[in-house]
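Going by the numbering used here, the sequence shown opens with residue 6, and the numbers climb by one from there. Even for Gly, the Cβ is constructed at its ideal location relative to N, Cα and C. Data first, discussion second: the structure below is written as structure tokens.
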Amino acid sequence: MVTNSEIAKMLSQTADLLEIKGENPFKIRAYRNAARTIENSSKDFNKLVKEGFDLTKLPGIGNDLSTYIKEIVTTGKFSKLEKLKKEIPQGLVDMLAIEGLGPKRIKQIYDAFHITSLEDLKKYAENGELDKLPSFGPTLIQKILKGVKQLKKAGIRFLWADVEEIAEDIKEYLLKFPGVEIVKIAGSYRRRKETVGDLDILVVAEDYPKVSEYFIKYKRVKEVHSAGLTRSTVFLDNDLQIDLRAVSKESYGAALHYFTGSKAHNIEIRKMAIEMGMKVNEYGVYKENKRIAGKSEDEVYKAVGLCYIEPELRENRGEIEACLNNSLPDLINLGDIKGDLNINASLVDKAVKKGYKYVGIRDGEIKRDDIKIYKIIETEINKNFNISDINKKYDFLVGIVNEEIETEIILKAMEKVKFLRFFRDIKAKKELNLDFETIFSQMAKKNIILEIPSTPNALISEVLIKSAIQKGVKLSIVSAAKTDKELDFIKYGINQVRRGWAEAKDVINARNNPF
Ligand code: DGT
Ligand code: CA
Ligand code: CA
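Shown next, in the form of structure tokens:
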């Protein structure tokens, strides 16, 4: 459900981007007026649209805007905005978050210097070029420089897989200190989110200030931001932020729950507790000012009438309702995996050693009797896709969709392929905007399997995974390995499908016989 302020935000963001593009001022003003009307309205636009109310009766909303608002309410997205975001360089969009820089000034900067990144903006602010623009005084330049610095710190996100090693190393380092009883990494890292903004570490220890002193001496600490009595923050040499917090043993469960998040999940839990006359915070669960829970997460959930919810599910995407009506998924585990249906032929020995019962190989011809081998071929699905071009022998075709093509082409390819994989580049924030609703329905009907690549930067979004599963699509989690090490990438695929609510029964390579 989209709230009024979300609708307003999408419309005013559209106005900003149109202004950067230099579009017609009247058009831009129309978006801003509509955004204001919605933001300040006491009526729920979601409801108005569903009741079929004529939106053009409202001030500032004409025929076009009425259509746009309906689109936002019914789909949760605004296609015009999505399109603009693709057209306008991300760096210019990021600049909107800098205090003192609005769309007008960003356009001015772009027109004068053609810069599109924060780095270049910083360079031009420092070397005196920006001063040359009318109305860019020294105060504004200072503001811009400060804004760039803040944005860069706040904006950096790391792939989960890229912080795994360091996270485990810090944990081990802290556990070595005398008097440290528990070290637990909470936050998005514990929820196994594909990217993490920072690490949130909880410690239960006898003497926290001593632990903090030891913590800030960790070999990769570059900058100590703060080191207090219960909380310390540092930056590592790769700019990763780490928050360390002291927690008492009695409230460990409540703290772990609070700092694991997500924020949206926490807010829902707190609302539930309030309705039951209770209070939940990072110290415990309270009823009439009496502490009734807090030592373990289990206790916290129980106190508010819920069952334990796995961290990967804590995103306020229906996990609380699912717990209440006993339909939480029994999530798949790494140990359930019986084979890997997309690897290099050179890795078959290693796959046998891992205990796999079968593999799919992309290259070579191998015959063995200690492991079942399927021969697969990957082929790109595009306008020119033509099965007759493939003259090698194979058991299964893997169709790869790398760009936004017409749904029709993908549906047609389903006659030929057994697997489909969709491109994504998490770091570059690139993902395909396709009609997945239709695609997944057809995949389920035709028994086409969704290939989940485990490469940390190419993981398909958990929201899509969840919707595919709901439609009845089966998954194949593959390492796509080219090297020994990459065979273990499967664990990242497992993390992601768990976030997409996958059970072992949804995954074909959790079966003894995948087909
Ligand atoms: P990240 O670091 O951006 O990948 O995401 P998180 O989820 O690790 O977020 P972070 O580091 O800002 O905070 C860690 C957890 O602390 C978060 O998941 C939930 C909790 N938390 C933080 N701020 C709030 C808040 O304002 N309200 C509530 N209820 N919880 C919060
Ligand atoms: Ca965090
Ligand atoms: Ca944090």
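Residue i CB to nearest heavy atom of ligand 2 below 6 Å
{"i": "Asp-203", "result": "yes"}
{"i": "Gly-57", "result": "no"}
Closer than 6 Å: residue i CB and nearest ligand 1 heavy atom
{"i": "Ser-267", "result": "yes"}
{"i": "Gly-192", "result": "yes"}
{"i": "Phe-427", "result": "no"}
{"i": "Phe-163", "result": "no"}
{"i": "Asn-271", "result": "yes"}
{"i": "Phe-240", "result": "no"}
{"i": "Phe-264", "result": "yes"}
Beta-bridge partners of residue i, as assigned by DSSP
{"i": "Gly-152", "result": "Its beta-bridge partners do not exist; DSSP assigns none."}
{"i": "Phe-441", "result": "None; Phe-441 has no bridge partner."}
{"i": "Leu-204", "result": "Ile-247"}
{"i": "Leu-425", "result": "Gly-404, Leu-455"}
{"i": "Thr-384", "result": "Gly-404"}
{"i": "Glu-436", "result": "Arg-429"}
{"i": "Gly-344", "result": "Tyr-363"}
{"i": "Leu-241", "result": "Val-226"}
{"i": "Leu-336", "result": "Glu-508"}
{"i": "Val-209", "result": "Ile-187"}
{"i": "Ala-40", "result": "Paired residues: none, contrary to the question."}
{"i": "Ala-296", "result": "Note that residue 296 is Arg in the sequence shown, not Ala. Tyr-291."}
Three-state class that DSSP yields for residue i in the structure shown
{"i": "Pro-458", "result": "strand"}
{"i": "Leu-135", "result": "helix"}
{"i": "Met-533", "result": "The requested residue 533 is not part of the displayed model; the chain covers only 6 to 520."}
{"i": "Gly-258", "result": "helix"}
{"i": "Asn-391", "result": "coil"}
{"i": "Ile-453", "result": "coil"}
{"i": "Gly-289", "result": "strand"}
{"i": "His-230", "result": "strand"}
{"i": "Val-483", "result": "strand"}
{"i": "Met-281", "result": "coil"}
{"i": "Tyr-178", "result": "helix"}
{"i": "Thr-61", "result": "helix"}
{"i": "Ile-378", "result": "strand"}
{"i": "Val-188", "result": "strand"}
{"i": "Leu-101", "result": "coil"}
{"i": "Leu-164", "result": "strand"}
{"i": "Arg-236", "result": "strand"}
{"i": "Gly-498", "result": "helix"}
{"i": "Pro-30", "result": "helix"}
{"i": "Leu-86", "result": "helix"}
{"i": "Cys-312", "result": "coil"}
Distance cut-off 6 Å: residue i Cβ against heavy atoms of ligand 4
{"i": "Asn-500", "result": "Ligands in the displayed structure: ligand 1, ligand 2 and ligand 3; ligand 4 is not one of them."}
beta-carbon residue i near ligand 3 non-hydrogen atom, thresh 6 Å
{"i": "Asp-248", "result": "yes"}
Residue i at chain D interface by Cβ criterion, 7 Å
{"i": "Lys-137", "result": "The structure shown has no chain D; it contains just one protein chain."}
Quick check: the region 432-444 against the region 328-337, are at least 3 beta-carbon pairs closer than 8 Å? no
Quick one: any contact between the region 482-493 and the region 341-349, if contact means 3 or more CB pairs under 8 Å?
yes
Margin query: Measuring CB atoms only, is the region 395-412 touching the region 485-501, in the sense that at least three cross pairs come out at less than 8 Å?
Written below: no
Discussion item. Whether or not the region 336-346 and the region 362-371 are in contact is what I'm after, with contact meaning three or more pairs of Cβ atoms, one per stretch, closer than 8 Å; do they touch?
Written reply: yes
Exercise. Taking 8 Å as the threshold, find out whether the region 119-136 comes into contact with the region 416-435 through three or more Cβ pairs.
Key: no
Taking 8 Å as the cut-off, does the region 320-327 touch the region 291-298 (at least 3 CB pairs, one atom from each stretch)? no
Practice item. Give a yes or no on contact between the region 12-19 and the region 34-44, applying the rule of three or more CB pairs nearer than 8 Å. Key: yes
Report task. Please determine if the region 217-224 and the region 265-280 are in contact, where contact requires at least 3 C-beta pairs separated by less than 8 Å. Result -> no
**OP:** Report yes or no: do three or more beta-carbon pairs, one from the region 248-263 and one from the region 220-237, lie closer than 8 Å?
**Re:** yes
Check your understanding: Does the pairing of the region 156-172 with the region 134-144 give three or more beta-carbon distances under 8 Å?
Key -> no
| At least 3 beta-carbon pairs within less than 8 Å: the region 84-91 vs the region 53-67 | no
ask   = Are the region 95-112 and the region 120-127 touching, with three or more C-beta to C-beta distances below 8 Å?
value = yes
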